[in-house]
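Numbering (the numbering used here), first residue to last: 1 to 245.
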Ligand SMILES: Nc1ncnc2c1ncn2[C@@H]1O[C@H](COP(=O)(O)OP(=O)(O)O)[C@@H](O)[C@H]1O
Ligand SMILES: [Mg+2]
């Protein structure tokens, strides 16, 4: 039997504004790219509804495994407000190769990485940081309470949809490290504390942070974090009970 040719190493699809995908989705602009694929803002023909199209790089999506995992997990978590809503899947031919797309809601907002960069000094005050962490933890609590995990929490996978008295966030993307278990859930908790730590200035400012901050970050020691915050719910409870002395 002939061996299958390895999928081409596509790093960008270079789609142009106005191009029609799968005869249904008109490309409006490119939103970004990551490890698994490239993401475009598209408009659905017929309804003119805007959607986000995540187009998988073929080499990151053998036999549509990455797509299937992502779509099924988004669907399972559809009642968690922090998770973007899955709409449908589709495919189109690009330079002779079939490429797969996941269509989800278009989330208007700003990537957390960009939001943090434009803060004064590139960082949040500890108090703002706590609000950010609370929005993350209380949102992810829904995922963990369903026995699931996110698997890829970092500032390029979080969109700030509103910033006022507190933060409103949506999570993009997920990664499959294997079946959901305590270790994967623990990893999410560590990653959100890491986002918090970096958002308030990282290592450079850590020594000067108030005790309340250190009681959360625990010097980024995984065992200490795991002992106190087994899941996002535990962390949420802690944040809701803490007092600034
Ligand atoms: N709804 C969206 N709105 C704005 N930008 C988005 C949206 N979805 C994805 N992006 C951009 O595309 C990038 C890659 O999308 P993501 O779903 O994280 O895929 P990957 O698995 O390739 O990292 C994101 O980091 C972000 O910059
Ligand atoms: Mg990503």
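Ideal Cβ positions, reconstructed from N, Cα and C, are used throughout, including at glycine.
Cβ-Cβ separation, residue j to residue i (assumed contact under 8 Å), whole Å
i: residue 56; j: residue 32; result: In fact, because the Cβ distance is near 14 Å, the residues do not count as touching under 8 Å.
i: residue 100; j: residue 51; result: Residue 100 to residue 51, Cβ: 15 Å. No contact.
i: residue 35; j: residue 65; result: Not a contact, Cβ separation roughly 14 Å.
i: residue 89; j: residue 102; result: 6 Å
i: residue 266; j: residue 235; result: In this structure the chain extends from 1 to 245, so residue 266 is not present and cannot be described.
i: residue 155; j: residue 116; result: 6 Å
Segment limits, beta strand (DSSP E) that includes residue i
i: residue 26; result: 25-33
i: residue 55; result: 50-56
i: residue 91; result: 86-94
Residue interval of the alpha helix (DSSP H) (run including residue i)
i: residue 241; result: 232-241
i: residue 257; result: Within the shown structure, residues of the chain are numbered from 1 to 245, placing residue 257 beyond reach of any answer.
i: residue 126; result: 126-145
i: residue 252; result: Only positions 1 to 245 of the chain appear in the structure, and residue 252 is not among them; the question remains open.
One or two residues paired with residue i in a DSSP bridge
i: residue 289; result: No answer is possible for residue 289: the residues shown for the chain start at 1 and end at 245.
i: residue 102; result: 54 and 89
i: residue 41; result: 29 and 52
i: residue 83; result: 171
i: residue 111; result: 159
Closest residue to residue i among the options (Cα-Cα distance)
i: residue 112; options: 90, 136 and 218; result: 136
i: residue 49; options: 62, 175, 27 and 67; result: 27
i: residue 237; options: 130, 171, 17 and 224; result: 130
i: residue 146; options: 233, 18, 10 and 24; result: 233
i: residue 13; options: 92, 215 and 114; result: 92
i: residue 9; options: 240, 215, 95 and 178; result: 95
i: residue 141; options: 185, 58 and 25; result: 185
i: residue 98; options: 212, 43 and 22; result: 22
i: residue 133; options: 199, 187, 228 and 58; result: 199
i: residue 167; options: 183, 139, 19 and 174; result: 139
i: residue 152; options: 25, 165, 176 and 210; result: 176
i: residue 253; options: 127, 149 and 157; result: What is shown of the chain runs 1 to 245, which leaves residue 253 out entirely.
i: residue 87; options: 75, 110, 230 and 80; result: 75
Contiguous alpha helix (DSSP H) assignments of at least 4 residues, all confined to the region 150-237 | 182-199, 203-206, 211-217 and 222-228
Test item, CB below 5 Å from any non-hydrogen atom of ligand 4 | Ligands displayed in this structure: ligand 1 and ligand 2; ligand 4 is not among them.
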